[in-house]
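S.K.: First residue of the sequence shown: 9, per the numbering used here; consecutive thereafter.
By construction, the Cβ of each residue, glycine as well, lies at the ideal position given by its N, Cα and C atoms.
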Amino acid sequence: MYDVKTESQCRLCGNTYGTRGAGQHLQSCLKKLPCVPGSGEPPLLVSVHGDHPQANGAYVLFAIFPHDATLEQLDVYLRYHWLECCGHLSRFESAGREYLGHEWPDPEPLSGEAPRSMRHPIADAITPGSPALYEYDMGDTTSLTVRVQTAPPAAAAWQEEQGTAVAGATVMRNLMPERCRDCGGEAAFADGEGYVCAVGKRWGHERPLFNSPRDGADCFDEAAGPDLEALRMVLEVRREATT
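1. Closest to glutamine 170 by CA distance: which of Thr14, Pro74, Pro234 and Gly137 is it?
2. I need the boundaries of the alpha helix (DSSP H) containing leucine 91, first residue and last residue.
3. Determine the direct distance from the alpha carbon of aspartate 132 to that of arginine 247, and round the result to whole angstroms.
4. Which value, in whole angstroms, describes the spacing of the CA atoms of threonine 172 and tyrosine 203?
5. Quick check on the burial criterion: 16 or more other C-beta atoms within 10 angstroms. Buried or exposed for valine 242?
6. Measure the Cβ-Cβ separation of histidine 57 and leucine 152 and say whether it is below 8 Å.
7. How should leucine 141 be labelled, buried or exposed, when 16 other C-beta atoms within 10 angstroms of its C-beta is the threshold for buried?
8. Tell me the DSSP secondary structure of serine 36 in three-state form.
9. For the beta strand (DSSP E) that isoleucine 72 lies in, which residues bound it at each end?
10. Considering only residues of the same chain and omitting the five flanking positions on each side of glutamate 143, which have a CB-CB separation below 6 Å?
11. How many angstroms separate the CA atom of glycine 176 from the CA atom of glutamine 157?
12. Tell me whether glycine 29 sits in a helix, a strand or coil according to DSSP, three-state version.
13. Just to confirm the assignment, what range does the alpha helix (DSSP H) spanning methionine 6 have?
14. Out of Cys93, Ala163, Asp190 and Cys227, point me to the one whose CA is closest to leucine 41's CA.
15. Return the first residue and the last residue of the beta strand (DSSP E) that glutamate 143 is part of.
16. Would the stretch 92-106 and the stretch 48-62 be scored as touching if the rule is three or more Cβ pairs under 8 Å?
17. Over what stretch of residues does the beta strand (DSSP E) that includes alanine 177 continue unbroken?
18. Do glycine 224 and cysteine 205 have their CB atoms nearer than 8 Å?
19. Keeping to the same chain, check which residues put their C-beta closer than 7 Å to that of alanine 71; ignore five residues upstream and five downstream.
20. Taking the alpha carbon of glutamate 92 as the reference point, which residue from Glu244, Glu237 and Tyr25 has its own alpha carbon closest?
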């Protein structure tokens, strides 16, 4: 067993915080953004937590989404930053209701209720203060906990300024949890004895680490991080299913 750190860095102020206190810090930091008149509905602050084999909740993403963003946009965001490898199926479950993408083949109802589309708005599907479940890959499943808060109105302008490839703009993300067993610095590889940094790599057969709760899944490791070509194919299937 080797220690892992659960620290996250705020992209607004650049400071590092323990992951448990990250949400409270962000609300305070976001309130310091300059106000923009007429910015409309307050945006959403979405937090997503994933477990590390040695530390629950070690992986975390905090992102600002537009008020009218959908679960499908959140799904794409998570695939883009953390998960995508082979175009696996994914799902949300919130308040006993299931939300699926259009690529699902004849899904069975959950608790007798027909699944809803992921094109449902986040704000309507996930109640503030109530965690929702997200799962990617129904075989080698990665399970995440999703929470939603209302962000200060000024965060909307900040999110738009980021110009990200997906709807959400990351405002805080966990640092690499693993630390080198030799120097204590950020690890880059795993071997049979634990974690090592790039300097400590010795044998040539170490497995590269990726800062994601999907790390360790065979198909994900083969891609060395999110496979954006696979994500493009998922989006194409969804477009075809709705035209």
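M.R.: Result, derived from the coordinates:
1. For glutamine 170, the nearest C-alpha among the options comes from Pro74.
2. Taken as a continuous stretch (DSSP letters only), leucine 91 belongs to no alpha helix (DSSP H), as it is neither H nor E.
3. Cα-Cα distance, rounded: 23 Å.
4. Taking the straight line from one Cα to the other gives about 32 Å.
5. Buried, because 16 or more other Cβ atoms sit within 10 Å of the Cβ of valine 242.
6. Yes.
7. Exposure of leucine 141 is indicated by the presence of fewer than 16 other C-beta atoms within 10 angstroms of its C-beta.
8. Look at serine 36 here: in three-state DSSP terms it is helix.
9. Note, isoleucine 72: beta strand (DSSP E), 63-73.
10. So the qualifying residues of the chain are Arg99, Thr149 and Ser151.
11. For glycine 176 and glutamine 157, the distance between alpha carbons rounds to 14 Å.
12. Correct three-state label for glycine 29: helix.
13. Only positions 9 to 251 of the chain appear in the structure, and residue 6 is not among them; the question remains open.
14. Taking only the C-alpha atoms, the option nearest leucine 41 is Ala163.
15. Segment 140-144, the beta strand (DSSP E) holding glutamate 143.
16. The answer is no - the stretch 48-62 does not touch the stretch 92-106, with fewer than three Cβ pairs under 8 Å.
17. It spans 177-182 - the beta strand (DSSP E) in which alanine 177 sits, taken as one unbroken run.
18. Taking 8 Å as the Cβ cut-off, glycine 224 and cysteine 205 do not qualify as a contacting pair.
19. Val54, Tyr85, Gly176, Ala177, Thr178 and Val179.
20. It is Glu237.
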